[in-house]
Structure formats: C-alpha cells, structure tokens
Amino acid sequence: MAWASTKESAKPKREPIPLGIPRDQDLCFVLFPSGNPTASSVAVSLQSLLHQVQKHPASQQIEVINYDPQARRFDIRFAPNSQKK
C-alpha cells in the first residue's frame, strides 16, 4: 500500500485558521439576523453573547453596553483588566 502514503504526503500543509479569537479581548458582541428574526435565531445570538461574557472574570467591570439598531449589533465593552496574562 505504498500509494496511500504518497497520497498523504502530496497534500499541502495548511495553517490553522484562528476562528473565534476576538481582536479586542475587552469587547463582546453579536450580530442579530437580518430579515425576519425569530425567537430561535435571536436566542442563538444571545446564547453566543452569554458564552463570550462568561469567559470574563465575574468581578470585571463593564464600561458600556450598546445596541445599534441599524447594524443589529449588541456590544458589551469591559473595562481593561490589568491582571490579564
């Protein structure tokens, strides 16, 4: 079965794509679906926001909470945490 090993080595190695790594560690946000949102689609967006917020320390202060109706974007900005690694 020598052909199987050459087929494996013929594939180019790909760099992993860093999905889900926010550029700003102090910002959590979700985009709500456009068109006709349903309770289910909004619940998915809010669940995503909840998971993002839960990654922050419980004592970390929030600077601002915004909702942009044109962009359908909900933002939560945390105060910078000086104890981050």
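When we follow the working numbering, the leftmost residue of the sequence shown carries the number 59, and every step to the right adds one.
Note that beta-carbon positions come from the ideal geometry of N, C-alpha and C, so glycine has one too.
query	result
Own chain, CB closer than 6 angstroms to residue 147, minus 5 neighbours either side, in chain order	Lying before the first or after the last residue shown, residue 147 is absent from the chain, which here runs from 59 to 143.
Presumed contact (8 angstroms Cβ cut-off) between residue 131 and residue 89, rounded CB distance	5 angstroms
Test item: CB-CB of residue 156 and residue 139 under 7 angstroms	Look at the range of the chain in this structure, 59 to 143, and you will see that residue 156 is not part of it.
8 angstroms contact criterion, which residue 107 and residue 86 should meet: CB distance rounded	6 angstroms
Identified DSSP bridge partners for residue 72	DSSP output for residue 72 lists no bridge partner at all.
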